Ligand SMILES: Cc1ncc(C[n+]2csc(CCOP(=O)(O)OP(=O)(O)O)c2C)c(N)n1
Ligand SMILES: [Mg+2]
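Protein chains in written order, with the working numbering: chain A, 8 to 330; chain B, 14 to 348.
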């Protein structure tokens with residue numbers, strides 16, 4: 008059973024659905040050639056971002072990755088501004104300077120998506136150190152994939168977080184691939200959760216296609232860190248539905264891999280089944296959420312298409328505060 | 014002669030050198046691709062821009078090594094293998110990622126020979142893509158070669174066309190010193206005549222794709238093509254220029270630049286990097302030092318602004334030096 012209120016359940020579903028529709032729509036829009044740059048879609052893994060972030064307030068912080076849309080939406084980022092950012096408008100989250108890979112809303116505790124694999128975990132340690140020094144009972148999280156777990160910065164951050172006993176949660180998302188290479192090849196000692204454990208952190212494992220599983224694991228990890236016991240780990244597995252980036256031919260994947268995932272391991276389907284089996288929510292409520300989300304995404308795209316664009320003067324703005 | 018893209022020209026260079034020397038091997042992320050994937054199609058990627066395509070099928074998995082995402086270990090492993098008699102061609106996917114493995118490049122690879130009293134060599138190549146034009150934003154669009162040029166012990170190659178790319182990569186792999194090889198993202202699709210056979214272009218010898226009398230233009234990498242456009246557009250005004258493509262920034266062919274400036278009396282230097290401590294200042298300083306008496310006008314530098322690379326397409330376009338900027342600078346020297 009779950010102790011989530013009806014309102015919390017609806018919010019969790021709304022966020023997962025928003026991520027899904029955001030990504031599905033981008034997949035279509037990018038194919039038309041209107042969106043520049045490298046875009047990495049999060050669809051499939053929504054339950055991880057949402058299951059974790061539902062435990063956080065704006066005062067807690069997250070550090071995201073190149074595959075950051077889901078983390079940002081789960082943490083409450085403004086979807087309209089995110090879409091404008093991806094379109095490159097000056098009204099976007101980062102005034103069109105960052106794009107998909109650098110979406111940030113620092114005032115909401117989103118310390119940025121990150122184009123450097125392994126760039127985030129050390130920054131999360133610093134955010135957690137600030138929490139500890141300020142004694143404000145907040146926590147900091149960093150997301151990282153199976154690929155990023157092979158970057159030295161991840162190991163350094165884990166070790167330092169333990170040494171400094173900071174309220175830091177490492178969320179490890181194993182989606183089976185780093186770009187076009189399988190985790191079974193590139194992660195020596197395939198159990199990457201055990202590595203984290205060996206630093207002396209408790210690891211809470213979850214099924215990344217199941218919101219409730221992630222929510223419970225994250226609850227334990229975040230409670231542990233928030234009460235001052237030091238860093239902890241949430242380890243979740245679930246594959247992405249799209250390519251590494253939009254434009255990826257995905258020849259490294261078996262033909263039916265994604266089709267099977269969508270049929271058997273979809274987090275939205277799983278959520279609906281669970282709330283209906285356990286009589287937690289009326290499915291009509293979720294149908295209504297679906298309609299609202301679709302309308303929001305439609306609006307975000309229409310707005311983004313006509314949003315203002317920058318000029319030469321914007322290029323050198325915001326390099327410094329004072330210069 | 015057949016027309017080829019730089020991607021194919023670079024790929025051919027790899028094939029020639031793999032076939033010539035069994036000590037040559039490649040190491041990097043997704044340079045074969047597909048290992049550990051559910052389709053079992055190993056080699057399905059061949060590097061994100063396709064430069065190492067087909068190598069694994071031809072030369073086997075032992076010589077075409079996909080790695081975890083671990084840039085420090087990639088460069089370090091290549092360095093250790095090079096000290097031990099191998100000739101690695103490492104790939105750092107984006108030049109920006111030198112930020113992740115700078116110790117191995119700057120403190121290790123660049124300095125072994127000198128620190129060890131000249132008693133060893135480290136014949137390694139690190140290839141990477143460089144530059145803006147893809148809306149890849151601030152962490153995937155930097156040039157970096159200007160920073161690397163400042164490090165003694167590294168040779169730095171910045172090809173501007175497919176023909177040079179092939180000949181320079183062959184030289185890089187045969188060179189006994191560590192070489193950083195910067196492939197501009199816009200270079201890969203560019204085409205020109207490229208012979209099928211192997212050929213080496215020596216380092217430190219500039220090319221001169223345009224010859225003229227009024228001004229010397231020195232440009233690097235992709236900016237050679239932008240400068241050429243600018244120069245061609247000035248023909249209608251009766252202005253002609255020498256265009257110098259140094260091809261390697263370290264070693265640098267100072268002689269060709271100084272000789273040209275002696276004849277034209279004017280100098281414009283063009284690079285895509287931000288202006289501070291960069292190649293344009295480097296060339297301007299060298300000419301002011303060694304060729305001052307030839308100069309009949311102030312030297313002009315055309316660069317990107319002192320800012321990171323912005324994401325949005327029109328911001329990125331505004332960031333990059335354009336042919337009209339170069340043309341304006343040339344006219345300025347003639348005032
Ligand atoms: C330092 C660095 N090396 C390489 C890359 C290129 N790259 C971007 S994402 C990625 C794979 C990341 O894999 P993982 O951490 O598992 O995250 P996922 O893409 O699966 O979400 C790679 C190699 C990068 N952005 N930064
Ligand atoms: Mg992954």
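Note that beta-carbon positions come from the ideal geometry of N, C-alpha and C, so glycine has one too.
Small disclaimer: the values here were computed from a predicted structure and weren't measured.
Residue contact check for residue 331/B against chain A: a CB pair falls below 8 angstroms. Against residue 64/B, chain A offers no close residue; the least beta-carbon distance is about 15 angstroms (beta-carbon pairs closer than 7 angstroms). For residue 104/A, the neighbours in chain B by C-beta distance under 9 angstroms run, in chain order, 150, 151, 321, 323, 324, 325 and 328. For residue 178/A, no chain B residue has a C-beta closer than 9 angstroms to its own C-beta; the minimum C-beta separation is roughly 17 angstroms. Using beta-carbon distances, residue 109/A counts as an interface residue toward chain B, with a partner under 8 angstroms. In this structure, the straight-line span from the alpha carbon of residue 174/B to that of residue 103/B is close to 21 angstroms.
Close partners of residue 264/A in chain B (Cβ separation under 7 angstroms): 51. Secondary-structure assignment with DSSP links residue 206/B through a beta bridge to 16/B.
For residue 191/A, the shortest separation between its Cβ and any heavy atom of ligand 1 does not lie below 7 angstroms.
By the criterion of at least three beta-carbon pairs nearer than 8 angstroms, the region 89-108 of chain B is in contact with the region 25-39 of chain B. In this structure, residue 45/B sits away from residue 61/B, with a CB-CB distance that is not shorter than 8 angstroms.
Contact with chain B is found for residue 188/A, since one of that chain's Cβ atoms lies less than 8 angstroms from the residue's Cβ.
DSSP lists no beta-bridge partner residue for residue 309/A.
Straight-line measurement puts the Cα of residue 292/A at about 53 angstroms from the Cα of residue 157/B. In chain order, the residues with a C-beta atom nearer than 7 angstroms to some heavy atom of ligand 2 are 152/A, 153/A, 154/A, 180/A, 181/A, 182/A, 183/A, 184/A, 185/A and 190/A. Judged by the Cβ position, residue 251/A qualifies as a neighbour of ligand 1 at the 7 angstroms threshold, a heavy atom of the ligand being closer than this. The DSSP assignment places complete beta strand (DSSP E) segments of no fewer than 3 residues inside the region 132-197 of chain A at 147-152 and 175-181, in order along the chain. Under the 8 angstroms criterion on CB atoms, residue 206/A is classed as non-interfacial with respect to chain B. Taking the C-beta atoms as reference points, residue 57/A is found no nearer than 8 angstroms to residue 296/A. The secondary-structure analysis by DSSP pairs residue 220/B across a beta bridge with 258/B. Taken from the Cβ of residue 113/B, at least one heavy atom of ligand 1 lies inside 7 angstroms. The closest CA to that of residue 85/B, considering only 153/B, 120/B and 197/B, is found on 120/B. DSSP, reduced to helix, strand and coil, places residue 315/A outside both helices and strands of the structure shown, so it counts as coil. Here residue 99/B carries a coil assignment [DSSP, helix/strand/coil]. Judged by the Cβ position, residue 124/A qualifies as a neighbour of ligand 1 at the 7 angstroms threshold, a heavy atom of the ligand being closer than this. Chain order gives no chain B residues near residue 329/A, where near means a beta carbon separation below 8 angstroms; the closest approach is about 14 angstroms. Listed in chain order, the beta strand (DSSP E) runs fully inside the region 222-257 of chain A are 239-244, counting runs of at least 3 residues. Residue 218/A and residue 59/A have their C-alpha atoms some 9 angstroms from each other. Relative to ligand 1, residue 72/A has its C-beta within less than 7 angstroms of a heavy atom. Between ligand 1 and the CB of residue 47/A, the shortest heavy atom gap is smaller than 7 angstroms. The beta carbon of residue 81/B falls within 8 angstroms of a beta carbon belonging to chain A, placing the residue at that interface.
No heavy atom of ligand 1 is found nearer than 7 angstroms to the CB of residue 211/A. Here residue 235/B really is in contact with residue 199/B; their C-beta atoms are around 5 angstroms apart, less than 8 angstroms.
In chain order, 186, 187, 188, 258 and 259 make up the part of chain A whose C-beta sits under 9 angstroms from the C-beta of residue 46/B. Residues of chain B with a Cβ closer than 8 angstroms to the Cβ of residue 323/A are, in chain order, 318, 319 and 320. With contacts defined by Cβ atoms closer than 8 angstroms, residue 230/B and residue 205/B do not form a contacting pair.
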